[in-house]
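Engineer: If you count the sequence shown from 1, position 380 lands on 380 in our numbering, and the numbers rise without skipping.
Think of the CB as a built atom: it goes at the ideal place given N, C-alpha and C, for glycine as much as any other residue.
Quantities reported herein were computed from a predicted structural model and do not represent experimental measurements.
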Amino acid sequence: MSFYKRLTAFVSTAALAASELFCANYTQTLEVQFPDAQSAADATISANRLPDNAITAFSSRWDDTNTAHAKTAKAFKNAGLKATFLLTRADEKYIENYAKKFLADGFAIGSHTITHRILTTILPNDAFYEILGQRIKLETALDTPVVAFVLPGYFADHPFYPDAPKLIGELIVRAGYQIQTGLWADNDKKYGLPKGSLLGSHMFNINDRDPSEKAFKGNTSYALYRQKTDGLPHMTLGVHSWQSDAGFSELERILKTNKRPDFWYCTQNEYAAYTRQFENFKLLEKNADGKSATFKIGRISATEIGDNIALEVKISGKPVKVKLDGAEISPDKNGNFALPQPSEYRAPQKIDTIENPHNDAKFVGQSAKFAGLAGGLSQSPDGKLHLLLKNGGGAKIANCTATFRLPPLYAEGVKTLPIADIDGGKKIKRAVKLPAKSAFSECESGDFFFAVQLDFLLDGRPSRLYLTTTVEGKDAPTPCPRDTAVFVGPLEKQNLSDGVLQKLSAPAATLADFGQSPVQQWTPCRRDKNSREFQIAPNSDNPIWRNSANPLAYKNEYARLATLDFSCEGESATLFADFKNINAAYLNGAKLDTPQKGTSLKIATTRGKNRLIIEYKQDFWTTVITPLTVSEQDDPFKSVKFSRPATQK
């Protein structure tokens, strides 16, 4: 008979209620014999903050899908340390030749989004797909939980809207991640999340190309200092595998030389899973009888926290014999007892996905990994999600929980419900009503990605199946800067006199090219339908243009011009731009007095047609994508009407 049992079933939860998303969900029993009755009566049990009496946890993060990660992995393996590799889109070749080998060596895999887009610049629904979609892809390809996430470019903020971190934080948690390491340690504070929602770390680097031992020593010391202040016992080294062969050798030497016995060297998954167990360890009941004491404890399963690492506990007194659910366990050299996860509460060993990419209401897909398993997820016009799961195999599906992960259109991002056991040859249908809409701007644009995460036992083995569907959304409602802006450049700044730019910015003027070279000709900004409406991309996918532009990129004596034509009903408006990256701005034939920094400027407009020309610096991100719009309502999400400027070839 089992000595542990499942606690309450999961119920519907709000997207960010950490106390509901992560909580003890099964019990175990510890039977402890002591030398005398008094020791048994006085006995206490507590969970250790970190394993092995360590003073801090040391992990690492290595970003992008890079074949050089193999050299990073070798350096860490030779030093006896662990690494976490956070991947963008990874093809089958990379999965087979690299990612699976990393896992076999005891390392971990995390997510860095699908395409490395700067999440604050794209539509919320597309950001959600980048975040959740990559978790599902990696878990399915590798049959391992992915609970670590890092932001592309470290960007969680946006100069135009202050709730950008709140949005990004919600999406990370909605997607089911446990930990994110970035330029800040306190994710809950940064993202405005309830305490305990998203774990973090004190991150540092020691030069991605030329590793510095001095930097390593200084940064680890500083991380320990910060730990005393904020109580976060976790530091992370990263972030890119860009070293030369000599650099990788030096990295290995630094790791070996500075290895400490009082540090716990772990992966991000291990740290997250151990910390969640520590946070959710509960003493539910104690009974003493003579020289024996029995402790009933509540624990959180490894199913969602992503790693089977054992939790260490300290038992007071001098235990003579300890049994966990009837099986004797022994203390380590420090007197701590490791409590492994029971087999049925371990992380899933096999993970598959069935996709319904066009939201076909009649869709039923077959699992490629689970013989006989089929199902589908779809959204109906009445605002419900419909789940179908067929068990065509011989084994029972038991202990099944369905976790619905919803896009940012909805205020409630996670809904969970228990699913009754499904015998072979049976099926279940469930309809879940979608919650109220959120207050985040532009959440009704773009495609809506829905997923249900099914965790269950099959033949007694923890397993996971994702069912997904994509509902086509609408595009930008009106012509916007993203779709109408044109640009030219890089151009030599000496040719961009005030007189030239004042003339070009006259509303009735036709934009004339500066010459015959592709960079001298006015070109529509690259259109990216996934970008927010006020993001423009002053570049082109045309290879001829790129060949001309690349040698001039980021040279200080060059600049790019972007032009917006728009209409106003009144005589004043607000110009929204990232002014620190702007050399000059011209409106309707006059130069504007632009600030050195900030994001908004009151401008005098004319009723009817207006023209704005911005001279941009050759900053990297500005040449990729930059925010720019005009509003008569002091709101970048409520812009004026834009039109494509006329150009003369």
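#1: Let me know the alpha helix (DSSP H) ranges lying completely inside the region 227–301, each 4 residues or longer, listed in chain order.
#2: The alpha helix (DSSP H) spanning Val500 covers which residue range?
#3: What did DSSP end up calling Asp352 once you bin it into helix, strand or coil?
#4: Could you check which residue in Thr416, Phe487 and Glu615 has the C-alpha nearest to that of Thr647?
#5: Give, in chain order, every unbroken run of the beta strand (DSSP E) that is at least 3 residues long and sits entirely within the region 182–213.
#6: Please tell me whether His240 and Asp64 are closer than 8 Å, where the distance is taken between their beta carbons.
#7: From Asn359 to Gly375, what does the alpha carbon distance come to, in whole angstroms?
#8: Taking C-beta to C-beta, are Leu409 and Glu444 nearer than 8 Å?
#9: Please list, in chain order, all residues of the same chain as Leu167 whose beta carbon is under 7 Å from its beta carbon, the five residues on each side excluded.
#10: According to DSSP, is Phe370 helix, strand or coil?
#11: Alpha carbon to alpha carbon, how far is Ser221 from Tyr274?
#12: If you drop the 5 nearest sequence neighbours on each side, which residues of the same chain put their C-beta closer than 6 Å to that of Arg6?
#13: Given that a residue counts as buried once 16 or more other Cβ atoms are within 10 Å of its Cβ, and exposed if not, what is Thr257?
#14: Could you tell me which residues DSSP pairs with Val322 in its beta bridges?
#15: If you draw a straight line from the alpha carbon of Asp498 to that of Phe566, how long is it in whole angstroms?
#16: Could you tell me which uninterrupted beta strand (DSSP E) segments, each at least 3 residues in length, are contained entirely in the region 38–70, listed from first to last along the chain?
#17: Return the first residue and the last residue of the beta strand (DSSP E) that Gln453 is part of.
#18: Would you list the residues sitting across from Lys706 in a DSSP beta bridge?
#19: Do you know how far the Cα of Lys217 is from the Cα of Phe204?
#20: Distance check for Lys591 and Ala57, CA to CA, integer angstroms please.
#21: Alpha carbons only, please: which of Tyr154, Arg299, Val146 and Ala24 is nearest the one belonging to His116?
#22: Going by DSSP in three states, Thr469 sits in which element: helix, strand or coil?
#23: Cα separation between Gln596 and Ile613?
#24: Closer than 8 Å is the cut-off here; do at least three beta carbon pairs connect the region 188–201 with the region 138–146?
#25: Using a Cβ-Cβ cut-off of 6 Å (strictly less than) and excluding sequence neighbours within five positions of Asn187, which residues of its own chain qualify?
#26: Rounded to the nearest angstrom, how far is the Cβ of Asp325 from that of Thr29, given a contact under 8 Å?
#27: Suppose the cutoff is 7 Å on Cβ atoms and the five residues either side in sequence are ignored; what does the same chain contact list for Asp210 look like?
#28: Quick check on Phe534: buried or exposed, where buried means 16 or more other Cβ atoms within 10 Å of its Cβ?
#29: Roughly how many angstroms lie between the CA atoms of Arg405 and Ile419, to the nearest whole one?
#30: Residues in its own chain within less than 6 Å of Ala68 by CB, not counting five upstream and five downstream?
#31: Can Lys396 and Gly424 be called in contact, C-beta distance under 8 Å?
#32: Looking at Ser111 and Leu87, is the spacing between their C-beta atoms short of 8 Å?
#33: How about Thr113 and Pro152: are their beta carbons less than 8 Å apart?
#34: When you compare each of Asp352, Ala73, Lys321 and Arg226 to Glu252 by their alpha carbons, which one comes out closest?
#35: Are Leu575 and Asn610 close, meaning C-beta to C-beta below 8 Å?
#36: Taking DSSP as the reference, what is the three-state secondary structure of Glu444?
Structural biologist: Reading it off the structure:
#1: Runs of alpha helix (DSSP H) with 4 or more residues, each lying fully within the region 227–301, are found at 245–257 and 268–280, listed in chain order.
#2: In the sequence shown, the residue the question calls residue 500 occupies position 500. Run containing Val500: Asp498 to Leu504, per the alpha helix (DSSP H) assignment.
#3: To locate residue 352, count along the sequence shown from 1; it is residue 352. DSSP places Asp352 in strand when its eight states are reduced to three.
#4: Translated into positions along the sequence shown, residue 647 becomes position 647. Of the candidates Thr416, Phe487 and Glu615, the one whose C-alpha sits nearest the C-alpha of Thr647 is Phe487.
#5: If you keep only unbroken beta strand (DSSP E) runs of at least 3 residues inside the region 182–213, you get 202–205.
#6: Mapped onto the sequence shown, residue 240 falls at position 240. Mapped onto the sequence shown, residue 64 falls at position 64. The answer is yes: Cβ separation under 8 Å.
#7: Indexing the sequence shown from 1 puts residue 359 at position 359. Indexing the sequence shown from 1 puts residue 375 at position 375. One C-alpha to the other measures close to 13 Å.
#8: Position 409 of the sequence shown, counting from 1, holds the residue named residue 409. Position 444 of the sequence shown, counting from 1, holds the residue named residue 444. Judged by beta-carbon spacing, Glu444 lies within the 8 Å limit of Leu409, meaning their Cβ atoms are closer than that value.
#9: In the sequence shown, counting from the first residue as 1, residue 167 sits at position 167. So the list reads Pro124, Pro408 and Phe440, once near-sequence residues are dropped.
#10: Taking the first residue of the sequence shown as position 1, residue 370 is located at position 370. In the structure shown, Phe370 sits in coil (DSSP, three-state: anything other than H, G, I, E or B).
#11: Working through the sequence shown from its first residue, we reach residue 221 at position 221. Working through the sequence shown from its first residue, we reach residue 274 at position 274. Distance between the alpha carbons of Ser221 and Tyr274: 23 Å.
#12: What you label residue 6 is simply residue 6 of the sequence shown in a count that begins at 1. Below a pLDDT of 50, predicted positions are generally treated as unreliable, and Arg6, at 39, falls in that range; the measurement from the model is reported next regardless. The beta carbon of Arg6 lies closer than 6 Å to those of Tyr26 in the same chain, with the five residues before and after it left out.
#13: Translated into the one-based positions of the sequence shown, residue 257 becomes position 257. Thr257 is exposed by the Cβ-count criterion.
#14: By 1-based counting over the sequence shown, the position of residue 322 is 322. Val322 is bridged by DSSP to Val32 and Ile329.
#15: Here residue 498 refers to the residue found at position 498 of the sequence shown. Here residue 566 refers to the residue found at position 566 of the sequence shown. Roughly 22 Å between the two C-alpha positions.
#16: Runs found: 45–47 and 56–63.
#17: Looking up residue 453 in the sequence shown gives position 453. Annotation for Gln453: the continuous beta strand (DSSP E) segment containing it runs Phe448 to Leu458.
#18: Within the shown structure, residues of the chain are numbered from 1 to 649, placing residue 706 beyond reach of any answer.
#19: Along the sequence shown, read from residue 1 onward, the residue named residue 204 stands at position 204. Along the sequence shown, read from residue 1 onward, the residue named residue 217 stands at position 217. Straight-line measurement puts the Cα of Lys217 at about 11 Å from the Cα of Phe204.
#20: What you label residue 57 is simply residue 57 of the sequence shown in a count that begins at 1. What you label residue 591 is simply residue 591 of the sequence shown in a count that begins at 1. In this structure, the straight-line span from the alpha carbon of Ala57 to that of Lys591 is close to 55 Å.
#21: Translated into the one-based positions of the sequence shown, residue 116 becomes position 116. When only C-alpha atoms are compared, the closest one is Tyr154.
#22: Position 469 of the sequence shown, counting from 1, holds the residue named residue 469. Three-state DSSP puts Thr469 in a strand.
#23: If you number the sequence shown from 1, residue 596 lands on position 596. If you number the sequence shown from 1, residue 613 lands on position 613. Approximately 17 Å, taken between the alpha carbons.
#24: Flag = no, the region 188–201 and the region 138–146 do not touch.
#25: Start at 1 with the first residue of the sequence shown, and residue 187 comes out as number 187. The beta carbon of Asn187 lies closer than 6 Å to those of Gln180, Leu198 and Gly200 in the same chain, with the five residues before and after it left out.
#26: One-based indexing of the sequence shown puts residue 325 at position 325. One-based indexing of the sequence shown puts residue 29 at position 29. With a beta-carbon spacing of about 6 Å, Asp325 and Thr29 fall inside the 8 Å limit used to define contacts.
#27: Against the sequence shown, residue 210 aligns to sequence position 210. Only Gly247 meet the Cβ criterion.
#28: Position 534 of the sequence shown, counted from the start, is the residue given in the question as residue 534. It counts as buried.
#29: Here residue 405 corresponds to residue number 405 of the sequence shown, with the count starting at 1. Here residue 419 corresponds to residue number 419 of the sequence shown, with the count starting at 1. Computed Cα separation, rounded: 16 Å.
#30: One-based indexing of the sequence shown puts residue 68 at position 68. Here the set comprises Ser241.
#31: Here residue 396 refers to the residue found at position 396 of the sequence shown. Here residue 424 refers to the residue found at position 424 of the sequence shown. Yes, the pair counts as a contact, with Cβ atoms nearer than the cut-off.
#32: Locating residue 87 in the sequence shown gives position 87, counting from the first residue. Locating residue 111 in the sequence shown gives position 111, counting from the first residue. Less than 8 Å divides the Cβ of Leu87 from the Cβ of Ser111.
#33: Within the sequence shown, residue 113 is the residue found at index 113, counting from 1. Within the sequence shown, residue 152 is the residue found at index 152, counting from 1. For Thr113 and Pro152, yes; Cβs fall inside 8 Å.
#34: Translated into the one-based positions of the sequence shown, residue 252 becomes position 252. Of the candidates Asp352, Ala73, Lys321 and Arg226, the one whose C-alpha sits nearest the C-alpha of Glu252 is Ala73.
#35: Residue mapping note: residue 575 aligns to position 575 of the sequence shown, counting from 1. Residue mapping note: residue 610 aligns to position 610 of the sequence shown, counting from 1. Contact: no.
#36: Here residue 444 refers to the residue found at position 444 when the sequence shown is read from its first residue. Residue state for Glu444 is assigned as coil, using DSSP reduced to three classes.
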